[in-house]
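Please read the structure below before turning to the comments.
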Amino acid sequence: MDPVLDRVRAANPVSEDEFAGLTDFTALELAPRKRRRRFLAVPALGAVIAALVVLPNSAPQASEVLKHAVNAVAVDDGGILYARSKATWGPTGEAPGGVSARQVWVQGDTAMRWLEDGGDEEVFRKGEGTTRRAADGTVKTEADVTMVPTEVFRASGLLRKAQNGTQIKLDEDELDGRDVYVLRWNEPSGPPHFPKIEMTMWIDKDSYAPLRFVDHSLGKDVEGKPFDHTYTEDILEFKTLPDTPENRRLLTMH
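So for the sequence shown, my numbering puts the first residue at 3; every next one is plus one.
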């Protein structure tokens, strides 16, 4: 991950329960003092169904769009969520400082697998911890580390939990030839410098599936150093798989 973003998030510390809600979007029941590995050092949908709407009267309200978006990423009957995405991060307006293409499989709070296109792989299973295998074949297991999914998977749980009156601006637009809803809001940050955190999510108008997520953060980090960074995740494929023995194999290290 980008070290500057990590410093920014250090200025906005969070508690374990803020990561409640994986794919089944129920609170994670984790023992205290367990270390958590956060794959994406950006906050997820900390938004409530309170909207500043900029749409024709015939268009749905932000609350309705959010409700459908939540349902689109929810797992029913113990299914397995799958996403293939590409993420970039770095100074705003400049060439990306980092790029990551990956696939992620998540089943509730019990199992998760993360596979980078470069070959790095990580697998988590509740009660067993996290096993990492680098592209060079090196394997390491940490029993006290719990994997946390990307923002796309955590969106619904955090949306349901957040009740802080965050204003959401809702627009209609087009993304790569697809009609989309665009949700924009600001996330609260933390002391000592309270950097600005601007969030944007593009949602398919037909399926309400997430298509793109952007975090634009700027201000001063915890060390007082100025920064202006952008994290972008494009969701290339997103679907729910049935809970079958064959699909459960996708949650294991290959």
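Just so you know, even glycine gets a beta-carbon here, dropped at the ideal spot from N, CA and C.
query                                                                                                                                                                                                      : result
For the putative contact between residue 238 and residue 109, defined by C-beta atoms under 8 angstroms, what is the C-beta separation to the nearest angstrom?                                            : In fact, because the Cβ distance is near 21 angstroms, the residues do not count as touching under 8 angstroms.
Assign residue 125 to buried or exposed, taking buried as 16 or more other Cβ atoms, counted over all protein chains shown, within 10 Å of its Cβ.                                                         : buried
Around the Cβ of residue 101, are there at least 16 other Cβ atoms within 10 angstroms (buried) or fewer (exposed)?                                                                                        : exposed
Using CA coordinates, which residue listed in 176, 225, 179, 186 is at the minimum distance from residue 197?                                                                                              : 225
Kindly list the residues whose CB is nearer than 6 angstroms to the CB of residue 89, restricted to its own chain and excluding five residues on each side of it in sequence; keep chain order.            : 102, 235
Flag this pair as yes or no: are the beta carbons of residue 178 and residue 213 separated by less than 9 angstroms?                                                                                       : yes
So what's residue 75 in DSSP terms, helix, strand or just coil?                                                                                                                                            : coil
Which residues bound the beta strand (DSSP E) around residue 200?                                                                                                                                          : 198-206
Where does residue 141 land, buried or exposed, given buried means 16+ other C-beta within 10 angstroms?                                                                                                   : exposed
Could you pull the DSSP bridge partners for residue 143 from this structure?                                                                                                                               : 133
Just to confirm before moving on: does the CB-CB distance between residue 246 and residue 84 stay below 9 angstroms?                                                                                       : no
Alpha carbons only, please: which of 67, 64, 115, 131 is nearest the one belonging to residue 147?                                                                                                         : 131
Under a Cβ-count criterion, where at least 16 other Cβ atoms within 10 Å of its own Cβ denotes burial, should residue 189 be classed as buried or exposed?                                                 : buried
Excluding the 5 residues preceding and the 5 following residue 118 in the sequence, name in chain order all residues of the same chain whose CB lies nearer than 6 angstroms to its CB.                    : 104
What does the alpha-carbon distance come out to for the pair residue 218 and residue 135?                                                                                                                  : 31 angstroms
Please go through the same chain and pick out, in chain order, the residues whose beta-carbon is closer than 6 angstroms to the beta-carbon of residue 127, but skip the five residues on each side of it. : 113
Once the 5 residues before and after residue 256 are set aside, which same chain residues still bring their CB inside 8 angstroms of it?                                                                   : 123
Measure the alpha-carbon distance for residue 50 versus residue 202 and round it to whole angstroms.                                                                                                       : Unreliable positioning characterises residue 50 in this predicted model, as indicated by a pLDDT of 28, which lies under 50. The coordinate reading is nonetheless provided below. So the two alpha carbons sit approximately 14 angstroms from each other.
Here's a check: name, in chain order, each residue in its chain whose Cβ is nearer than 7 angstroms to the Cβ of residue 182, leaving out the five neighbours to either side.                              : 175, 176, 204, 205, 206, 207, 213
Could you please give the first and the last residue of the uninterrupted beta strand (DSSP E) stretch that includes residue 86?                                                                           : 82-93
Between 107, 70, 210, which has its C-alpha nearest residue 87's C-alpha?                                                                                                                                  : 107
What are the partner residues of residue 249, as DSSP defines its beta bridges?                                                                                                                            : For residue 249, which the question treats as bridged, DSSP gives no partner whatsoever.
Is it buried or exposed for residue 81, if we count other Cβ within 10 angstroms and need 16 for buried?                                                                                                   : buried
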